[in-house]
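Everything below concerns the one structure shown next.
Chains as they are written, first to last, in this note's numbering: chain A, 1486 to 2250; chain B, 1486 to 2250.
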């Protein structure tokens, strides 16, 4: 795998730091310095006027617009795109001294530094602006997106004249009609506005979906700061002349209050009333507001932190990954999911994919089970949409969408929307995974079983029987590897379909024993019959899995081995990404694959395959994989570690933790690869930690990369938090909270308690 | 095959006749009564105001608009739709008596009859309108689209008051901004206008493609008719008060003059000057104008007519088919092709498909070789576009588009545009077919060889080699059967690719002998190397053709035999057309096929397969074919005749000749299935005539359906016209013009001259 990085930020264990303004990286920085709190996301754009390259974006999780195409000639072809829409916000400023406007695209500044601190969630930017007449002024901007009061974002503006006294004009603006860049238009109309004192607000609505948004802001003057109101061009802006004195710092604090019920039915008066109430409750003081968020992060890091000694670059990478992931989702805002780019950009339209269950869920399962449960509950809550989707595909049961915000299918490339079923099997796997790891049966009992039944119905209705093969299988599908578009008997889909049906039957049988009345009632409500269950068993039993006993290779799909071969190492680097430089259909007709497919089900059901099978399939498929999916390297790193291919594993890992920090995919400007950041966590815990959670017992196979002095990570298992520390001297495993528990390490069972167990060192070599 | 017809027109050997106005069929009638002359097409809409259901359309061959979508994320994905645009015209009328307007949707009329005469090309409509006060008036409208002066359309309006005298208001209108119904907008803007005497005109331009159109009209008063000009609402309309007298017929004649260079660069003044000159040259007299066209048709029918005795229904059907086909294309207007719906509606956007070479070309080859040559020259003229298209697909050479007006790819369903290559092999086949049948080497020499070389380049660059199979083949293709979307080693594509390369090499070798200097020069210009030719030979030699020696079955594509089986007879009739009632992807994942695929190459290269092979493949594939393509039944009928399955053949044939007259596909309202009408001709000549033209010698295997008293058809072979007449008493074959020639009939060679040969009868039983 050849990918070139591009690093311009300072390496630091707890922060990302930009020294000197890197104008040419402005959009990349906006992505990297993005702040969010699961509810609101705001790219790291400058608050003041900036006329250079910029992708400004304020996003509210699950607040979306839609675009519907007429495809009435065809049934089941998805035609409605939902996209997280760029929203009005109140972080914009205009700053000027004697009519000269501050715009970093036009004026030169000195001593520029921007930093984002993962320990506090605080974004700070400071620089000195020198006017032509020699007057120099330091500006410092601080910003924090509130992790406790999740409709609040706080902004601090500090102005320090270094060699003069006088006045600075400072306007606190509201962006009322933001441009959605991908769609080249705004989707917002102002429905009401108002103001009082140093506060203003407006109520806006999206054009098509009619979603309401309250945007309010209030300005506070910090101790010793004097300012005078001046007229504003727009009713919702707040303008001031700030008196500044040489060597002294004038400091102002604004809170942006963004509140939305996402409910199109809610009327403007109700939206306004609730917003104004929240706005009136605000109290000034940036430091106090920032402390809430700082405290929140301190608490979070206690259990999730991963400490790498001897490798500051990856230390920074892994903390950045967790910080961004936790900003995007932590289970606090009901009904939300994890978009492929989180709340950091318009790309992928804010839609959630099967990445949620497959890559993100393990992180939450082992750090915040309640948040993990929320992700599965999201799927249960969207069952009606998944049932509708299955119908549109001439099937029954529930087909979960390949891309979604509101539970409906939002992928408008029909070949993906109609042919990919890994979201459905991923949901089943997630229920099984959650139940096994947490020991919490209530999710399965209350919601999971219904999902399993509906998913099984879909899987059993979409499957087809071949008389010639005397077997079932899925025809006309695309597996996880999107470079084989429309194939028959994709090994992943068939295998996962089989295992999903088996688990559903097993869970149902168990609940019939433990909760007979409720289980029977559910079966009745869903018209479940014994004939249907027999059919599921029959399909599972006779599912065709393309496999050669001789070579121990799974065939990615029937016919894959006969495909023309492409030497992926001979593809010029300039051809990547292939979608831009290869004719669309050319990508799909050779043995090159984009991302793991056979290896993916071998990872999910790791314990079901021998080491030799894993080795042979890894050695066959990895050289055919171009890793054009940002999720691919981590999976391969985890495999390589299990197979003892340490150098290869380390190379993949380096890519995973710093995919955005080093902009390996050349598109960090569009937003972060949020779900790939989750895969980076898996790369540590499943890779170097060797965690396996697909069997009855949790397994650990820790190994320390020879490049590191130590590695320490934590996992929450039921009510205990276990921390594992690897050094060249030994391997220490202990609980830091909760009762002692059993863990299997390197094939042996241990009772792990707070005093820990001291095991030998294992260093990759 | 179960298809239900819906017949409301009278059966007549030379006409279609509607007795009484069938309001519910108004759009179907507009299609069936369409008149065109290869240049202009006009649906059979009423000239006067009609507020009922109507799809009005005036079309100019190859005058098109475009619609471009942004698909910049993907290379090679077609994104530009060209569509034959609904054009301004001057056939519209407004007719009223004392302020009461004639509108057949609102007023009742008596004695309505509409008829289209294939012998004269004349459309006549007549009825009596009775006013509330008892006044009755006969109206008669005649219309003819000029087959000689192809920018002219003539209209006659006759008014006969039956029981009163007075005045009729008659306005000759121009439709200046016609609505394009599919796109729900007009694409026309008026750029200039003018008038003099009883003539008016305007110059219009299309919005996107800037194509010019001159629309002029001139009104003439036929002998004994008095009319007074009155003011018009629009400058380009002509309004009159016509004095009418009881029992006498007032008669007016208007000529619509539609002229377009289709050249976006031509300026308005030039367009206007040429149009006005043509307009000034017009002479009145509807009868004289109509005679030109009537004479033209008389001459045409002499050689092409097919006479069926004892079956008036199919007699009408086959003449209607030929009449409509010849209206659409006869080689008189350079640069035109044959749209799937001719010039009869907006459906299929006026685009030409591989139907041209595969279904229409034989008709012209054997009736009007010059017109056949024109179709091939169209492909040569569009080589630059086909070369561009191959490049967009990361190939070299020329890839002919699946749908086109101007030579560029106009199919915006990428899966068809990127994966179907039968247009390219069809062009190669057409060159070979033309050259063999006509004996005319000049097309091959002057243009054909260049096309063959570029097509071969494409075929040899799109093919891929499988190490496992040790063979070449096409991966990721859709064959002619559009129900198997993206398959490997489609037998049709592989077979046709192989034969195309072989023919190109053979033709090149021959021309190197007969025209060494010119052939070398061409090779130099195209940088043709011996290595390239060796590669073509290698590809042809090692092409994989999926075939089982044991069963003698060709497999439609690798894996087809393993597909789940669908019993097509169990599909409810209401499910058709499947695209509307089945989920899109569901259609593509079973062994059901839409149209012949294996059978198609077995028909084209008929002489290369044994009767037993044909029988086995027909018996295997026909029961899996739902014939959702209108072209499918004729091919199966031809096969069934060769196999002696006469009843089956007759059932298919009945469908073919009357597909539109009986509206079998329930969409004649959108326009005629023009290319299927060509297949109906093949069904007679290749089917009942048993003509085979794929070998060195022409073969005939005529057989008379037992339902008929006689069948007579003609074919032009080189400079002779041969007519074949089958009766239960005998089979007579003779030339009616040109020298004697050799023909093989039922396996024996005969010398056929003007005195003919008398052979035994052969009647299907």
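Just so it is clear, CB atoms sit at the ideal spot from N, CA and C, and this is done for glycine as well.
Exercise. If you draw a straight line from the C-alpha of residue 2035 of chain A to the C-alpha of residue 2098 of chain A, how long is it?
Worked result: C-alpha separation (whole angstroms): 11 angstroms.
Exercise. For residue 2247 of chain A, which option in A:2198, A:1883, A:2191 and A:2205 has the closest C-alpha, if you only look at C-alpha atoms?
Worked result: Taking only the C-alpha atoms, the option nearest residue 2247 of chain A is A:2191.
Exercise. Which residues of chain A have a Cβ atom closer than 7 angstroms to the Cβ of residue 2065 of chain B, listed in chain order?
Worked result: 1560, listed in chain order.
Exercise. Looking at C-alpha atoms only, which residue of A:2095, A:1963 and A:1740 is the closest neighbour of residue 1707 of chain A?
Worked result: Out of A:2095, A:1963 and A:1740, A:1740 has the C-alpha closest to the C-alpha of residue 1707 of chain A.
For this session: Scan the segment 1938-1961 of chain A for residues whose Cβ lies nearer than 8 angstroms to a Cβ of chain B and list them as they occur along the chain.
Result: Hits within the stretch, in order: 1949, 1950, 1951, 1952, 1953, 1954, 1960 and 1961.
Exercise. Alpha carbon to alpha carbon, how far is residue 1495 of chain B from residue 2198 of chain B?
Worked result: Taking the straight line joining both Cα atoms gives about 24 angstroms.
Problem set entry | C-beta contact flag for residue 1782 of chain B and residue 1604 of chain B at 7 angstroms | Yes, they are a contact pair.
Exercise. Residue 2074 of chain A: buried (16+ other C-beta within 10 angstroms of its C-beta) or exposed?
Worked result: It is buried - the Cβ of residue 2074 of chain A has at least 16 other Cβ atoms within 10 Å.
Exercise. Any idea what DSSP makes of residue 2217 of chain A, helix, strand or coil?
Worked result: Looking at residue 2217 of chain A - three-state DSSP - the assignment turns out to be strand.
Problem set entry | Identified DSSP bridge partners for residue 1741 of chain B | According to DSSP, residue 1741 of chain B bridges with B:1638 and B:1702.
Exercise. Can you list, in chain order, the residues of its chain whose CB lies under 7 angstroms from that of residue 1885 of chain A, leaving out five sequence neighbours each side?
Worked result: Within the same chain, residue 1885 of chain A has close Cβ partners 1864, 1871, 1908, 1909 and 1912.
Exercise. What is the rounded straight-line gap between the Cα of residue 1858 of chain A and the Cα of residue 1523 of chain A?
Worked result: Rounded to the nearest angstrom, the two C-alpha atoms are 16 angstroms apart.
For this session: Jot down the residue ranges of each uninterrupted alpha helix (DSSP H) in the segment 1807-1864 of chain A, minimum 4 residues, whole runs only, in chain order.
Result: Secondary structure remark: continuous alpha helix (DSSP H) runs of at least 4 residues inside the segment 1807-1864 of chain A, in chain order: 1846-1850.
Exercise. Who are the Cβ neighbours of residue 2002 of chain B in its own chain at under 6 angstroms, not counting the five residues just before and after it?
Worked result: No residues qualify anywhere along the chain.
Exercise. Mapping DSSP to helix, strand and coil, what is residue 2121 of chain B?
Worked result: In this structure, DSSP gives residue 2121 of chain B a helical state, which the three-state scheme calls helix.
Problem set entry | Same chain only: Cβ atoms within 6 angstroms of residue 2203 of chain B, ignoring 5 sequence neighbours per side | Contacts found: 1924.
For this session: State yes or no: is the beta carbon of residue 2057 of chain A nearer than 7 angstroms to at least one beta carbon in chain B?
Result: Residue 2057 of chain A does not count as touching chain B.
For this session: Could you tell me whether any Cβ in chain B is nearer than 7 angstroms to the Cβ of residue 2070 of chain A?
Result: For residue 2070 of chain A, the answer is yes, since a Cβ of chain B falls inside 7 angstroms of its Cβ.
Exercise. Between which two residues does the alpha helix (DSSP H) containing residue 1553 of chain A stretch?
Worked result: DSSP places residue 1553 of chain A outside any alpha helix (DSSP H); the residue lies instead in the beta strand (DSSP E), whose first and last residues are 1549-1553.
Exercise. Does the distance from the CB of residue 1945 of chain A to the CB of residue 1839 of chain A come in under 7 angstroms?
Worked result: No; because the gap between Cβ atoms is not below 7 angstroms, this pair is not in contact.
For this session: Can you pull the chain B residues whose beta carbon is under 7 angstroms from the beta carbon of residue 1970 of chain A, in chain order?
Result: Neighbours of residue 1970 of chain A on chain B, chain order: 1971.
Exercise. So what does residue 2227 of chain B bridge to, in DSSP terms?
Worked result: Answer by DSSP bridge pairing, in chain order: B:2236.
For this session: Using the DSSP secondary-structure output, state which residues sit across from residue 1657 of chain B in a beta bridge.
Result: Paired residues: B:1578 and B:1723.
For this session: Label residue 1670 of chain A either buried or exposed according to how many other C-beta atoms from any shown protein chain fall within 10 Å of its C-beta, with 16 as the threshold for buried.
Result: Flag for residue 1670 of chain A reads exposed.
For this session: To the nearest angstrom, report how far apart residue 2276 of chain B and residue 1960 of chain A are at their CA atoms.
Result: Because residue 2276 of chain B is not part of the residues shown, which for chain B are 1486 to 2250, the question remains open.
For this session: Check the Cβ-Cβ distances between residue 1878 of chain B and every residue of chain A, and say whether any is below 7 angstroms.
Result: Proximity of residue 1878 of chain B to chain A, defined by a Cβ-Cβ separation below 7 angstroms, is satisfied.
Exercise. Roughly how many whole angstroms lie between the Cα atoms of residue 2255 of chain B and residue 1844 of chain B?
Worked result: Because chain B in this structure spans residues 1486 to 2250, residue 2255 of chain B falls outside the shown range and cannot be described.
Exercise. How do the segment 2226-2233 of chain A and the segment 1494-1509 of chain B stand: do at least 3 beta-carbon pairs fall below 8 angstroms, yes or no?
Worked result: With the cut-off at 8 angstroms, the segment 2226-2233 of chain A and the segment 1494-1509 of chain B do not touch.
Problem set entry | DSSP three-state assignment for residue 2339 of chain B, whether helix, strand or coil | Nothing about residue 2339 of chain B can be read from this structure; chain B reaches only from 1486 to 2250.
Problem set entry | Below-7 angstroms beta-carbon distance, residue 1903 of chain B vs any chain A residue | It does; some Cβ of chain A falls within 7 angstroms.
For this session: Please classify residue 1546 of chain B: is it buried, with 16 or more other beta-carbons within 10 angstroms of its beta-carbon, or exposed?
Result: Buried, because 16 or more other Cβ atoms sit within 10 Å of the Cβ of residue 1546 of chain B.
Exercise. Roughly how many angstroms separate the alpha carbons of residue 2071 of chain A and residue 1981 of chain B, rounded to a whole number?
Worked result: Rounded to whole angstroms, residue 2071 of chain A to residue 1981 of chain B spans 21 angstroms at the Cα level.
Exercise. By Cβ distance below 6 angstroms, which residues in the same chain neighbour residue 1641 of chain B in space, the five residues on each side in sequence not counted?
Worked result: If we look at residue 1641 of chain B and ignore the five residues flanking it on each side, its Cβ neighbours are 1627, 1738 and 1771.
For this session: Excluding the 5 residues preceding and the 5 following residue 1695 of chain B in the sequence, name in chain order all residues of the same chain whose CB lies nearer than 8 angstroms to its CB.
Result: Excluding residues within five positions, the ones whose Cβ falls inside 8 angstroms are 1749.
Exercise. In chain order, what residues of the same chain lie with their CB nearer than 6 angstroms to the CB of residue 2212 of chain B, ignoring the 5 residues before and after it?
Worked result: Answer for residue 2212 of chain B: 2195, listed in chain order.
For this session: Quick one: residues in its chain with C-beta nearer than 7 angstroms to the C-beta of residue 1667 of chain B, no 5 flanking neighbours on either side, listed in chain order?
Result: Within the same chain, Cβ atoms closer than 7 angstroms to the Cβ of residue 1667 of chain B are found at 1831, the five residues on either side in sequence being excluded.
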